[in-house]
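Quick note, the sequences are listed as chains U, X, D, A, E and B, same order.
Residue numbering for the first sequence follows the numbering used here, beginning at 26 and increasing consecutively.
Residue numbering for the second sequence follows the numbering used here, beginning at 26 and increasing consecutively.
Residue numbering for the third sequence follows the numbering used here, beginning at 26 and increasing consecutively.
Residue numbering for the fourth sequence follows the numbering used here, beginning at 26 and increasing consecutively.
Residue numbering for the fifth sequence follows the numbering used here, beginning at 26 and increasing consecutively.
Residue numbering for the sixth sequence follows the numbering used here, beginning at 26 and increasing consecutively.
For every residue, glycine included, the Cβ atom is placed at its ideal position computed from N, Cα and C.
Note that this is a predicted model, so its numbers are computed, not measured.
Read through the structure below, which is laid out as structure tokens, and then see the notes.
Number of protein chains: 6
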Amino acid sequence: MTHEHDAASLADFRAFRERMNTEILDEGNLIINRFFALDTRTYEAGALDVKTKELLGLVASMVLRCDDCVTYHVVRCREEGVTRAEAFEAFSVALVVGGSIVIPHLRRAVARWGELDAAASSG
Amino acid sequence: MTHEHDAASLADFRAFRERMNTEILDEGNLIINRFFALDTRTYEAGALDVKTKELLGLVASMVLRCDDCVTYHVVRCREEGVTRAEAFEAFSVALVVGGSIVIPHLRRAVARWGELDAAASSG
Amino acid sequence: MTHEHDAASLADFRAFRERMNTEILDEGNLIINRFFALDTRTYEAGALDVKTKELLGLVASMVLRCDDCVTYHVVRCREEGVTRAEAFEAFSVALVVGGSIVIPHLRRAVARWGELDAAASSG
Amino acid sequence: MTHEHDAASLADFRAFRERMNTEILDEGNLIINRFFALDTRTYEAGALDVKTKELLGLVASMVLRCDDCVTYHVVRCREEGVTRAEAFEAFSVALVVGGSIVIPHLRRAVARWGELDAAASSG
Amino acid sequence: MTHEHDAASLADFRAFRERMNTEILDEGNLIINRFFALDTRTYEAGALDVKTKELLGLVASMVLRCDDCVTYHVVRCREEGVTRAEAFEAFSVALVVGGSIVIPHLRRAVARWGELDAAASSG
Amino acid sequence: MTHEHDAASLADFRAFRERMNTEILDEGNLIINRFFALDTRTYEAGALDVKTKELLGLVASMVLRCDDCVTYHVVRCREEGVTRAEAFEAFSVALVVGGSIVIPHLRRAVARWGELDAAASSG
Numbered sequence: 026m027t028h029e030h031d032a033a034s035l036a037d038f039r040a041f042r043e044r045m046n047t048e049i050l051d052e053g054n055l056i057i058n059r060f061f062a063l064d065t066r067t068y069e070a071g072a073l074d075v076k077t078k079e080l081l082g083l084v085a086s087m088v089l090r091c092d093d094c095v096t097y098h099v100v101r102c103r104e105e106g107v108t109r110a111e112a113f114e115a116f117s118v119a120l121v122v123g124g125s126i127v128i129p130h131l132r133r134a135v136a137r138w139g140e141l142d143a144a145a146s147s148g
Numbered sequence: 026m027t028h029e030h031d032a033a034s035l036a037d038f039r040a041f042r043e044r045m046n047t048e049i050l051d052e053g054n055l056i057i058n059r060f061f062a063l064d065t066r067t068y069e070a071g072a073l074d075v076k077t078k079e080l081l082g083l084v085a086s087m088v089l090r091c092d093d094c095v096t097y098h099v100v101r102c103r104e105e106g107v108t109r110a111e112a113f114e115a116f117s118v119a120l121v122v123g124g125s126i127v128i129p130h131l132r133r134a135v136a137r138w139g140e141l142d143a144a145a146s147s148g
Numbered sequence: 026m027t028h029e030h031d032a033a034s035l036a037d038f039r040a041f042r043e044r045m046n047t048e049i050l051d052e053g054n055l056i057i058n059r060f061f062a063l064d065t066r067t068y069e070a071g072a073l074d075v076k077t078k079e080l081l082g083l084v085a086s087m088v089l090r091c092d093d094c095v096t097y098h099v100v101r102c103r104e105e106g107v108t109r110a111e112a113f114e115a116f117s118v119a120l121v122v123g124g125s126i127v128i129p130h131l132r133r134a135v136a137r138w139g140e141l142d143a144a145a146s147s148g
Numbered sequence: 026m027t028h029e030h031d032a033a034s035l036a037d038f039r040a041f042r043e044r045m046n047t048e049i050l051d052e053g054n055l056i057i058n059r060f061f062a063l064d065t066r067t068y069e070a071g072a073l074d075v076k077t078k079e080l081l082g083l084v085a086s087m088v089l090r091c092d093d094c095v096t097y098h099v100v101r102c103r104e105e106g107v108t109r110a111e112a113f114e115a116f117s118v119a120l121v122v123g124g125s126i127v128i129p130h131l132r133r134a135v136a137r138w139g140e141l142d143a144a145a146s147s148g
Numbered sequence: 026m027t028h029e030h031d032a033a034s035l036a037d038f039r040a041f042r043e044r045m046n047t048e049i050l051d052e053g054n055l056i057i058n059r060f061f062a063l064d065t066r067t068y069e070a071g072a073l074d075v076k077t078k079e080l081l082g083l084v085a086s087m088v089l090r091c092d093d094c095v096t097y098h099v100v101r102c103r104e105e106g107v108t109r110a111e112a113f114e115a116f117s118v119a120l121v122v123g124g125s126i127v128i129p130h131l132r133r134a135v136a137r138w139g140e141l142d143a144a145a146s147s148g
Numbered sequence: 026m027t028h029e030h031d032a033a034s035l036a037d038f039r040a041f042r043e044r045m046n047t048e049i050l051d052e053g054n055l056i057i058n059r060f061f062a063l064d065t066r067t068y069e070a071g072a073l074d075v076k077t078k079e080l081l082g083l084v085a086s087m088v089l090r091c092d093d094c095v096t097y098h099v100v101r102c103r104e105e106g107v108t109r110a111e112a113f114e115a116f117s118v119a120l121v122v123g124g125s126i127v128i129p130h131l132r133r134a135v136a137r138w139g140e141l142d143a144a145a146s147s148g
């Protein structure tokens, strides 16, 4: 799929993310490294299942308007079986809570969903 | 239960909320009235159930640090059967996504939970 | 008028604001003092009239969810002849742009408007 | 005009916006579709004229630091006859209310204004 | 010192903070408990000294407009020997970066400083 | 060094910044021009030294998630002798205060640091 608007392609996003995460963790700052470990564990199954927690992460990322975070959780939500209709309902909560300033991020989230559909069907 | 810290009691919060909502809707501003109607419908069952949508509203409110919104969704989550353990997992997502500035709102959310427990056991 | 919800009365707000502004300016920090002077000049008439600029300040304060800033601009808007209907239209823009998290601040802004009406009719 | 810094050209922005709005509305999520309709109606003439409401939308977008929203309202403000001097006064309110973190968005807003001037004179 | 504006007294703030921190940690949510432990360690001496890190925490709290966080770091900064002039310079950075919406929080921070001075001289 | 992810190269950032700052100041809006002058003076030595103030600006920019502001302060911090270990400690404060939504900005800040290292060693 072609490069969307002013966002990097998913492949570029992933490569940059991997490379920089490695560089950050290699620095050995205790606080940062523990935070990264904690971040990963946050979405593990507990009283709530992983799918619900990923939806929570998705909506939190969208109302805080962090495109990279939204991309990450869109990918994870799909892996956990979130359907397009479920994702749009989560987006609708983010839109009403966060207002029209969420719309540009909603557009990019839906574009990512399409990019992932295209990758899945060509894969 | 006694009045918590610098937050109004739940009864005061509800009375103020009801009175002002009425005054706002009575003004007859079309946009505001439609927004209020839309806000209510956002949390109705659809592809996602009401409980999940209330959890989404709770986490969105907490990362955006809106105490009144958190109070509203804490009340609604309990009505939908969210357990204390489930609420704390939702809080943990909000805390990790939103950082330590979420902590004062977490304290007030947990205080509200206790205030509701006290009201339930005395009711 | 009685003290609203968890907000200070307008008289208390004004007294605290005046006292702290004096204490802050008396400290003599050059940057802070210049910022305060600049802030005052921002709303003076220029290419846009004062009323329009106060409406801009009101909406900016509401989407950023600063109750004290909203109170200040509500007072100033009234002094510049903004009507209740005009204020509600400004609020409607803030609500749609900023989302449902703006609602608690909208309630307090409308309560302030009523508090000022009561003071005007008793004055 | 050449592509500015890390922002898409106005033509790319518009094409992406149109395409994604269509895809979003075609999904048929009731809440999202009603929100989009409400968003459009928010800026219609009422107690305040359209020009004033677009200036409110512009300043709200700038203090919330949403470049796409700023671009949209810059285009609409020009259509409503907002002059460059008026736009800069609106920007000055956003800058003082929102602080120096608004500056990168101010730069991009002014670049958009120039891009629209260039398009107007070449059109 | 008398209760300031709409903020709780420092004694009330501390009592509520202690009580709720205990209740939160006693819940035993792994993520939340690790986050609290990490938060404490963040301000320990390393490449930067404790005083500098507390000033960083103070400015971060002020631009994010979290009064409880500001109160916490004001107390800690004083314990680390930050002078009133140094605190005002840190406030000036927060004010310029974050804009006039920081002013209400600046007023409350300066009121806290005075409350702590009064407690120190009466202690 | 190659162009990082979806950020402009440092040379492009600087050229755009310089060009737009000139265009903005040439407009002659009194408020904006005074704000720009005040912004520059904010980081001058006083009760706190320049290095500390730049670290404050860096952390404030990171928790407010402004990449251009972070880039500016990363450059200035290096000029003031901030080491990589000191910068990572400042980043750790921003990460814990601001939460996981800071991570994408942390990645870009560390990439900028590397870009500046590469420029320094090739210069």
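Would residue i and residue j be called neighbours here (beta carbons separated by less than 8 Å)?
i                 : j                 : result
Ala134 of chain D : Met87 of chain D  : yes
Ala110 of chain A : Ala72 of chain D  : yes
Thr52 of chain B  : Phe38 of chain A  : At residue 52 of chain B the sequence reads Glu, which differs from the Thr that was named. The answer is no: Cβ separation not under 8 Å.
Asp74 of chain E  : Val121 of chain B : no
Ala136 of chain B : Met45 of chain U  : yes
Less than 7 Å between C-beta atoms, sequence neighbours within five positions excluded: which residues of the same chain meet that for residue i?
i                : result
Gly82 of chain D : Tyr68 and His98
Arg42 of chain U : none
Check the Cβ of residue i against every Cβ in chain X and list those closer than 7 Å, keeping chain order.
i                : result
Ile56 of chain A : Leu63, Arg66 and Thr67
Arg59 of chain A : Leu63
Look at the alpha carbon of residue i and the alpha carbon of residue j, and state the distance between them as a whole number of angstroms.
i                 : j                 : result
Val100 of chain U : Leu141 of chain U : 8 Å
Glu48 of chain X  : Phe60 of chain X  : 15 Å
Met26 of chain B  : Glu105 of chain A : The predicted model places Met26 of chain B with a pLDDT of 32, which falls under 50 and marks its position as unreliable, so this point remains unresolved.
His28 of chain B  : Ser34 of chain B  : In this prediction, His28 of chain B scores a pLDDT of 39, lower than 50, which makes its location untrustworthy; the coordinate-derived value is nonetheless stated afterwards. In a straight line, the C-alpha of His28 of chain B is about 5 Å away from that of Ser34 of chain B.
Val84 of chain D  : Ile126 of chain U : 14 Å
Leu89 of chain X  : Ala115 of chain X : 14 Å
Cys102 of chain B : Val107 of chain E : 21 Å
Leu50 of chain U  : Arg132 of chain B : 11 Å
Ala62 of chain U  : Arg66 of chain E  : 15 Å
Gly124 of chain U : Ser147 of chain B : 47 Å
Thr96 of chain U  : Thr96 of chain B  : 23 Å
Pro129 of chain B : Thr77 of chain U  : 23 Å
Leu80 of chain X  : Leu55 of chain D  : 47 Å
Ile57 of chain U  : Cys94 of chain U  : 17 Å
Trp138 of chain A : Trp138 of chain X : 50 Å
Cys91 of chain U  : Asp92 of chain B  : 12 Å
Does the distance between the C-beta of residue i and the nearest non-hydrogen atom of the ligand COA fall short of 7 Å?
i                : result
Gly82 of chain B : Looking at this structure, you won't find the ligand COA or any other ligand, since it has none at all.
Going along chain D in order, which residues have a C-beta closer than 7 Å to the C-beta of residue i?
i                 : result
Glu104 of chain E : Going along chain D, no residue has its Cβ under 7 Å from Glu104 of chain E, so there is no contact; the nearest lies around 21 Å.
Looking only at its chain, what residues have a beta carbon closer than 8 Å to the beta carbon of residue i, apart from the 5 residues adjacent to it on each side?
i                 : result
Val118 of chain E : Val84
Just the chain X side, please: which residues come within less than 8 Å of residue i by C-beta, in chain order?
i                 : result
Leu154 of chain E : In this structure chain E extends from 26 to 148, so residue 154 of chain E is not present and cannot be described.
Starting from residue i, find everything on chain E with Cβ-Cβ shorter than 7 Å and list it in chain order.
i                 : result
Arg42 of chain X  : Going along chain E, no residue has its Cβ under 7 Å from Arg42 of chain X, so there is no contact; the nearest lies around 18 Å.
Val118 of chain B : Thr67, Lys78, Leu81, Gly82 and Ala85
Strictly below 7 Å CB to CB, what residues from chain A border residue i?
i                : result
Val95 of chain E : What Val95 of chain E touches in chain A: nothing, since even the nearest Cβ is about 16 Å away.
Gly71 of chain D : Glu114
At 9 Å on the CB atoms, spell out the chain B contacts of residue i, in chain order.
i                 : result
Leu131 of chain A : Met45, Ile49 and Ile57
Chain U partners of residue i, CB-CB under 8 Å?
i                : result
Ala99 of chain D : Correcting the residue identity first, residue 99 of chain D is Val in this sequence and not Ala. The premise fails here: Val99 of chain D is roughly 20 Å from chain U at the closest Cβ pair, so nothing lies under 8 Å.
Residues of chain D with a CB under 8 Å from the CB of residue i: which are they?
i                : result
Val75 of chain A : Correct list: empty, because the minimum Cβ distance to chain D is about 11 Å.
Starting from residue i, find everything on chain U with Cβ-Cβ shorter than 9 Å and list it in chain order.
i                 : result
Glu140 of chain A : Neighbours of Glu140 of chain A on chain U: none; closest Cβ ~14 Å, over 9 Å.
Residues of chain B with CB closer than 8 Å to the CB of residue i, please, in chain order.
i                 : result
Ala134 of chain E : The premise fails here: Ala134 of chain E is roughly 14 Å from chain B at the closest Cβ pair, so nothing lies under 8 Å.
4-residue-minimum alpha helix (DSSP H) runs that sit fully inside the segment 47-119 of chain E, ordered along the chain:
Restricting attention to alpha helix (DSSP H) runs no shorter than 4 residues, the segment 47-119 of chain E encloses them at 55-67, 75-88 and 92-104, ordered along the chain.
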